[in-house]
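Trainee:
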Amino acid sequence: MRTVAVIGASGRQGGAQVRQLVKAGFAVKAISRSPDPFYGEQQPDTVTVVPADLYDEASLIAAFDGADAVFHTHPLRARADRATIAGSVGRAAKAAGVDRVVWNTSSWIPDRPGDAHTYVGNTAGLNALFRSGVGATVFGSVLFMDNLLTNWARPFIVNEGRFVYAHTPETEANWISLDDVARIMIHSLDRPDMEGAWMNIGGPERLRPPQLAQSLSDALGREIRYDACSPAEFGRLLANAYGDAMSKEEQDATAAQIGRFYEYNVTAPTRPFEVDVAEMQRRIPLELETFGDWAKRQDWRNSNAPRPPAG
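Using numbering that gives the first Met the number 0, you'd call the opening residue of the sequence shown number 0 and step up by one each time.
(1) Which same chain residues, not among the five before or five after Tyr263, have their C-beta less than 7 Å away from its C-beta?
(2) Grab me the residues of Val137's own chain with a C-beta within less than 6 Å of its C-beta, minus the 5 sequence neighbours each way, in chain order.
(3) Under three-state DSSP, which class holds Ser87?
(4) Taking the alpha helix (DSSP H) that Trp151 belongs to, which residues open and close that run?
(5) Tell me the DSSP secondary structure of Trp319 in three-state form.
(6) Should Ser131 and Val88 be called a contact, given that it needs their Cβ atoms to be closer than 9 Å?
(7) If you pair each beta-carbon of the region 249-257 with each one of the region 227-236, do three or more pairs fall below 8 Å?
(8) Would the beta-carbon of Ile200 fall within 9 Å of that of Val141?
(9) For Ser106, tell me which candidate among Gly120, Gly13, Arg99 and Pro112 has the shortest Cα-Cα distance.
(10) Beta-carbon separation of Leu188 and Arg282 under 9 Å?
(11) Is the separation between the beta-carbon of Asn173 and that of Arg205 shorter than 9 Å?
(12) Can you tell me where the alpha helix (DSSP H) holding Gly132 begins and where it ends?
(13) For Thr167, does the count of other Cβ atoms within 10 angstroms reach 16, so buried, or fall short, so exposed?
(14) Taking the beta strand (DSSP E) that Trp197 falls in, what are its first and last residues?
(15) Near Ala181, what residues of its chain come up, given a Cβ to Cβ distance below 6 Å and the 5 sequence neighbours on each side ignored?
(16) With three or more beta-carbon pairs closer than 8 Å as the criterion, would you say the region 21-36 touches the region 77-84?
(17) Out of Ala240, Lys247, Asp217 and Met184, point me to the one whose CA is closest to Gly13's CA.
(18) By DSSP's criteria, Arg161 is part of a beta bridge. Which residues make up the other side?
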């Protein structure tokens, strides 16, 4: 049985990776400093929880020992930039004898210079990871369906019948489920042509917010309307969802950063929430979940705690 080490296993993205790896028959080293990364749910027999410090390469080498691959997702509240962390993960994986690192950047990867925010960080991180010498694959996943399950999105949907997001009603995006991101990462492990490669990934449909609201209405059996907010308001909603887990200074900085990020996203000519689905599925021939199907399989009861408020 092959083993994959999953960084950030207690987060939403890492949790989906653990879930899909177990389903696919892998053993998992769930890397987390949380004593209960599964939030009270039963830990699968093929999963071992391993503590490690993302900022300590020696601890990463020890955590990666015995793993065939590493799945890496950059933390939302990272204390270091993307290139620093990606390079550290790559060097530690190489030292531990890992065959492949698969990095989910959680955002679009530009194919030319000049794009701001996490996008320029993705380019630097991709280079740092490849230069570490470990076999690596990088996926730029553009926008997550599972964002709507967070504490800054779900309460509006469930309690007020409003889908609140920082997109104009005309903004188009290829929303993708975290389970499909994980499935794509797993698929790449048996693809030698994906070693040393990167690509942007998204869901099979390019949707506007009112279309998502209609799918949410169908799933919940009542009207959910789209209510656009400003990027600044959106940043504050996301930061406030952390409550006392963030200091006021960090909340203010996070709100401003997210606000600027979404202001850029809805105006950038590169349209970083869109993916060439035909080209993606030519290279990754998996059947991906539609937003409507994803929405119908969620538990929309407003019982999100103690899941991560975001990320």
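Here a beta-carbon is modelled for each residue, glycine too, at the ideal position from N, C-alpha and C.
Source: prediction; values computed, not measured.
Mentor: Judging by the given coordinates:
(1) Ala115 and His116
(2) Trp102, Leu125 and Trp197
(3) helix
(4) That residue, Trp151, is in no alpha helix (DSSP H); it is neither H nor E in DSSP.
(5) The shown model of the chain, from 0 to 310, leaves out residue 319, and the question about it has no answer.
(6) yes
(7) yes
(8) yes
(9) Gly120
(10) no
(11) yes
(12) Gly132 -> no alpha helix (DSSP H), and no H or E assigned at all.
(13) exposed
(14) Ala196 to Ile200
(15) Ala15, Gln16 and Gln19
(16) no
(17) Met184
(18) Arg224
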